[in-house]
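Chemist:
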Amino acid sequence: MIDYSFIFKTDSRPSVLVACEKSGIVREAFRLKGFNAWSCDIQPTDIPGNHIQDDVSKLLQLPWSLIIAHPPCPYLSFVCRSKWPDIDRVANRLRAASFFMQFFNTPCKFICVENPNGVMTNIFRPPDQIIHPYYFGDNEMKRTCLWLVNLPPLPYSLHPELFSDNPVYPHPHPDRIYHRFKNGKPKKIYFVDRVPHNQELRSSIRSQTFPGVATAMADAWAPIFV
Numbered sequence: 600m601i602d603y604s605f606i607f608k609t610d611s612r613p614s615v616l617v618a619c620e621k622s623g624i625v626r627e628a629f630r631l632k633g634f635n636a637w638s639c640d641i642q643p644t645d646i647p648g649n650h651i652q653d654d655v656s657k658l659l660q661l662p663w664s665l666i667i668a669h670p671p672c673p674y675l676s677f678v679c680r681s682k683w684p685d686i687d688r689v690a691n692r693l694r695a696a697s698f699f700m701q702f703f704n705t706p707c708k709f710i711c712v713e714n715p716n717g718v719m720t721n722i723f724r725p726p727d728q729i730i731h732p733y734y735f736g737d738n739e740m741k742r743t744c745l746w747l748v749n750l751p752p753l754p755y756s757l758h759p760e761l762f763s764d765n766p767v768y769p770h771p772h773p774d775r776i777y778h779r780f781k782n783g784k785p786k787k788i789y790f791v792d793r794v795p796h797n798q799e800l801r802s803s804i805r806s807q808t809f810p811g812v813a814t815a816m817a818d819a820w821a822p823i824f825v
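Anchor point for the sequence shown: position 106 equals 705 in the numbering used here, and the numbering is continuous, going up by one each time.
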């Protein structure tokens, strides 16, 4: 078994583990803030940088200053609820929930766990914050839940505020709108609907954190460790 304590032996800067991230987007946002920033995933990183290709569970007891986790969501999300009673999906959902919860059972004081809206709201607790990428300048809709431990919510403004410096970004327009065949109700097509149908590629793209959200995390939370 690899001894990952080397991460901390020669670097006294605040450290952040971005768990279940292959894109490197959040990792690099914190690196630019002066962090000893590492990502971990069972797949290789998409961009060069400090990345561990391994089971992230092996890293959770290390002395991280901050952990930001993006546990896999296919069995936790409210999407495809009609398939939930399937016995295999029930077993997979329980395993996914256990994997999700391990990020709260670490010695780390500051934790953020990100996931879509799903069963963890009922199994665990409601999220501390629900955001969309357009809140932070990325012109997309993607409902994202944040469960926070000792971290403040990400600041943003949806309307101009007299004493706020937060920029206000407009609600994004859908790429197109079509009417559902069964009930005739309109369906707005955003980013999450137009990614490729190839399941592996689709999951990889949808799991990426938008750059504006990553920057907002670094801007809001890096000062805690100065």
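For glycine and all other residues, C-beta sits at the position ideal for the given N, C-alpha and C.
Taking only the alpha-carbon atoms, compute the straight-line gap between PRO751 and SER604 and give it to the nearest angstrom.
Modeler: Cα-Cα distance, rounded: 28 Å.
Chemist: Return helix, strand or coil for PRO713, following the three-state DSSP convention.
Modeler: According to the sequence provided, residue 713 is Glu. The question's Pro does not apply to it. Residue state, collapsed to three classes: strand.
Chemist: Taking three-plus beta-carbon pairs below 8 Å as touching, is the segment 663 to 672 in contact with the segment 812 to 824?
Modeler: yes
Chemist: Is ASP640 buried or exposed, if buried means 16 or more other CB atoms sit within 10 Å of its CB?
Modeler: Under this definition ASP640 is a buried residue.
Chemist: Assuming GLY623 and SER611 are in contact, meaning their beta carbons sit under 8 Å apart, how far apart are those beta carbons, in whole angstroms?
Modeler: Contact between GLY623 and SER611 is ruled out by a C-beta separation of about 23 Å, above the 8 Å threshold.
Chemist: Tell me the residue span of the alpha helix (DSSP H) that contains ALA815.
Modeler: 810 to 820
Chemist: Any idea if GLU739 is buried or exposed, counting beta-carbon neighbours within 10 angstroms, 16 or more meaning buried?
Modeler: exposed
Chemist: Below 8 Å on the Cβ atoms is my guess for PHE809 versus PRO732; work out the distance and round it to an integer in Å.
Modeler: About 4 Å separates the two Cβ atoms, so the contact holds.
Chemist: Run through the segment 609 to 671 for me and flag every whole alpha helix (DSSP H) of 4 or more residues, listed as ranges in chain order.
Modeler: 624 to 630
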